[in-house]
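What follows is a single structure, written as structure tokens, with notes after it.
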């Protein structure tokens with residue numbers, strides 16, 4: 121098998137640059153704060169990530185291999201086109217919504233991970249349940265990134281894609297393992313700069329290749345395939361809306377996002393980072409869209425690629441590196457491909473660190489080893505980074521479509537975690553009973569709706585379903601239905617349980633989860649173990665006990681979530697007593 125020496129050199133140069141920055145960031149981690157805060161510095165970077173670095177790292181969290189390769193793939197694939205490339209707008213809007221409503225209450229409370237408020241309000245058992253879809257989401261996402269990265273490298277130096285996936289994963293795991301959030305954040309700056317230069321420099325050269333027809337003409341006319349602008353059929357409108365809402369709202373409750381929010385130096389900075397990242401996502405999607413359009417406008421039999429186009433060779437998911445490899449001059453091609461291959465690690469490392477952070481803090485430390493030393497926590501985190509990275513790599517080797525994994529990664533997060541996050545932050549009175557009921561109702565509705573990518577046949581056939589090539593597809597927006605059902609079930613069951621116990625209809629001894637009466641609750645966690653911040657007032661450090669004087673309207677409106685100003689300590693103590 122012939123190696124492309126120039127491409128190999130380009131990859132080595134860019135990887136060395138990334139590793140150098142990662143090692144430097146690891147050194148910075150060791151010299152930030154006291155030794156006692158070492159584990160927290162790895163998770164949230166000592167909460168001193170500035171606006172510039174924070175904006176870059178939050179943008180790079182989304183703009184990785186799945187984002188650019190998936191967007192180019194969607195634009196290129198006949199029958200999809202730009203109309204179905206929803207990720208750029210969907211994830212940009214998710215950052216805007218997250219910045220407007222979620223960043224401030226999460227950062228002002230001084231949490232360390234996204235799971236902290238769940239364990240604080242619902243207890244550690246429910247926190248463990250929420251961890252499952254959160255972990256699966258991060259793993260699916262990282263697998264999509266590694267799959268894209270392996271495909272890119274296999275095009276550059278003509279090696280087996282499995283080998284390239286494994287090598288790429290080891291590189292990302294290495295610098296994440298040694299430096300934590302600092303390594304991830306500062307390498308993100310380099311990676312985003314690389315991807316910006318690599319794509320924007322390469323696109324004009326690819327567009328000017330003799331085999332490429334004017335993309336303005338192929339946008340609306342059929343030349344080599346259907347127009348790349350694509351279209352949305354009337355029968356697919358609800359499916360399109362379902363997928364779009366999944367990306368927009370399902371893009372919020374991710375530890376990778378909240379890790380940046382919680383690492384910012386203030387709540388205001390956290391909001392600003394979200395808005396900057398939304399703009400960055402849109403800007404970085406433009407060259408990927410252009411490359412997908414170029415791929416759809418190319419007579420591939422006039423290039424060295426061969427007589428068949430990438431679609432017929434089942435290589436649509438590699439359209440971006442294929443365009444750069446075969447339609448650009450050699451020196452531009454290898455610069456662009458080398459930069460992109462280094463840059464697409466920017467999301468995978470974030471997901472691995474996010475999954476490890478949640479496990480170590482919310483499962484290992486707060487649930488099993490509250491007395492664990494800082495050194496022990498650091499070592500457990502290193503082990504879990506390696507384990508989760510290896511798991512994501514294994515899934516990447518089985519991936520069929522980057523975009524397919526992308527959607528799967530948001531499914532569980534959208535249907536299960538998003539409604540739970542809404543309840544725990546903004547709706548007073550929700551409790552563990554409602555959370556568990558909403559969790560399983562949403563999960564059941566999602567599973568019974570089927571999943572073509574997993575060849576899982578549906579048990580519930582919603583209106584508009586159809587069968588194609590032995591697989592069942594749903595046009596009905598059943599994912600959004602499952603999410604809304606989970607939300608309504610959570611609030612309804614929570615208020616019902618609250619009424620039954622507080623009215624005396626059910627005796628306190630039946631409150632086996634200690635979620636409502638909570639008189640001598642061992643389940644509610646001491647908030648001092650969840651929050652480490654000098655500006656947390658006394659009423660935020662007391663156990664979560666029921667408030668019997670709440671009215672119906674105040675039960676379903678959590679106004680404090682929008683404000684940094686809480687009630688005085690004396691008032692809180694009186695209420696709790």
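In my numbering, the protein residues as written are 121 to 697. Even glycine gets a Cβ: it sits at the ideal position worked out from N, Cα and C. All figures in this text were calculated on a predicted structure; none of them were measured in a lab.
Item, Value
"Cα-Cα separation between residue 591 and residue 577, rounded to whole angstroms", "7 Å"
"Outcome for residue 587 when other beta-carbon atoms lying within 10 angstroms are tallied against a minimum of 16", "exposed"
"Outcome for residue 451 when other beta-carbon atoms lying within 10 angstroms are tallied against a minimum of 16", "exposed"
"Neighbourhood of residue 421 by C-beta, 6 Å cutoff - its chain only, sequence neighbours within 5 removed", "427"
"DSSP-derived helix/strand/coil call for residue 593", "strand"
"Straight-line gap, residue 458 to residue 347 (C-alpha atoms, nearest Å)", "30 Å"
"Other residues of its chain near residue 582: CB distance less than 6 Å, five sequence neighbours each side excluded", "594, 596 and 598"
"Beta-carbon proximity check, residue 606 vs residue 565, cutoff 9 Å", "yes"
"Residue 333 in three-state terms, based on DSSP", "coil"
"Residues that DSSP places opposite residue 272 in a beta bridge", "Per DSSP, none; premise fails for residue 272."
"Same chain, Cβ closer than 8 Å to residue 321, neighbours up to 5 away in sequence not counted", "452, 455 and 456"
"Under 9 Å between C-beta atoms of residue 139 and residue 301", "no"
"7 Å Cβ shell around residue 513 - same chain, five flanking residues per side excluded", "266, 285, 286 and 289"
"Identity of the residue in 618, 534, 273 and 196 nearest residue 349 by Cα", "196"
"Neighbourhood of residue 530 by C-beta, 8 Å cutoff - its chain only, sequence neighbours within 5 removed", "257, 366, 367, 370 and 371"
"For residue 418 and residue 700, the rounded distance between their alpha carbons", "Since the first residue of the chain shown is 121 and the last is 697, residue 700 is not available in this structure."
"Pair within 9 Å by beta-carbon distance, residue 241 and residue 482", "no"
"Same chain, Cβ closer than 8 Å to residue 402, neighbours up to 5 away in sequence not counted", "208, 209 and 212"
"C-alpha gap between residue 471 and residue 416, whole angstroms", "31 Å"
"Residues that DSSP places opposite residue 220 in a beta bridge", "For residue 220, which the question treats as bridged, DSSP gives no partner whatsoever."
"The segment 216 to 234 contacting the segment 431 to 440, beta-carbon criterion three pairs below 8 Å", "no"
"Supposed close pair residue 584, residue 355 - CB separation, criterion 8 Å", "7 Å"
"Under the three-state DSSP convention, the category residue 654 falls into", "Confidence at residue 654 is low in this model, with a pLDDT of 41, below 50, so the placement of that residue should be treated as unreliable; the coordinate-derived value is given next. Reduced to three states, the DSSP call for residue 654 is coil."
"Beta-carbon proximity of residue 460 to residue 315, cut-off 9 Å", "yes"
"Secondary structure of residue 586, DSSP reduced to three states", "strand"
"Three-state secondary structure assigned by DSSP to residue 682", "Below a pLDDT of 50, predicted positions are generally treated as unreliable, and residue 682, at 44, falls in that range; the measurement from the model is reported next regardless. In the structure shown, residue 682 sits in a helix (DSSP, three-state: H, G or I)."
"Residues near residue 303 by beta carbon distance below 7 Å, same chain, minus five either side", "142, 145, 146, 295 and 296"
"Contact set for residue 251: own chain, Cβ-Cβ below 8 Å, skip 5 residues either direction", "235, 478, 479, 482 and 483"
"Start-to-end residues for the alpha helix (DSSP H) that takes in residue 485", "Where residue 485 is concerned, there is no enclosing alpha helix (DSSP H), given that its DSSP letter is neither H nor E."
"Reference residue 200; option with closest CA among 412, 503 and 377", "412"
"Cα-Cα separation, residue 336 to residue 269", "30 Å"
"Residues of its chain near residue 223, where Cβ-Cβ distance is below 6 Å and the 5 sequence neighbours each way are ignored", "381, 390, 391 and 394"
"For residue 284: DSSP bridge partner residues", "Residue 284 is not bridged to any residue."
"Sequence-distant residues of the same chain with beta carbon closer than 6 Å to residue 387, five excluded per side", "224, 227 and 228"
"Counted within 10 angstroms of its Cβ, other Cβ atoms place residue 282 as buried (16 or more) or exposed", "exposed"
"Among 332, 308 and 204, the one whose alpha carbon lies nearest that of residue 169", "308"
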